[in-house]
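Numbering (the numbering used here), first residue to last: 4 to 64.
Glycine included, each C-beta is placed from N, C-alpha and C at the ideal position.
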């Protein structure tokens with residue numbers, strides 16, 4: 004799992020989500036782990052612009 008000491012804007016957004024929406028940010032690795040634990044396969048974490056990523060996976064029938 005990452006140390007979550009990444010870019011300040013990502014950390015600030017995570018704090019805002021926690022304070023105002025009771026949500027939080029997850030790293031690509033954390034999301035991939037959640038998908039794997041839920042039975043997804045072919046999981047990929049693709050970086051996009053800035054500090055964002057797209058996480059995809061397949062759920063077998």
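Sorting 12, 42, 13 and 55 by C-alpha distance to the C-alpha of residue 63 places 42 at the top.
Under the three-state reduction of DSSP, residue 10 is assigned to coil, being neither helix nor strand.
In the DSSP assignment, residue 36 forms no beta bridge with any residue. The residue among 40, 34 and 53 with its C-alpha nearest the C-alpha of residue 47 is 34. With respect to residue 60, residue 44 sits close: the two C-beta atoms are nearer than 8 Å.
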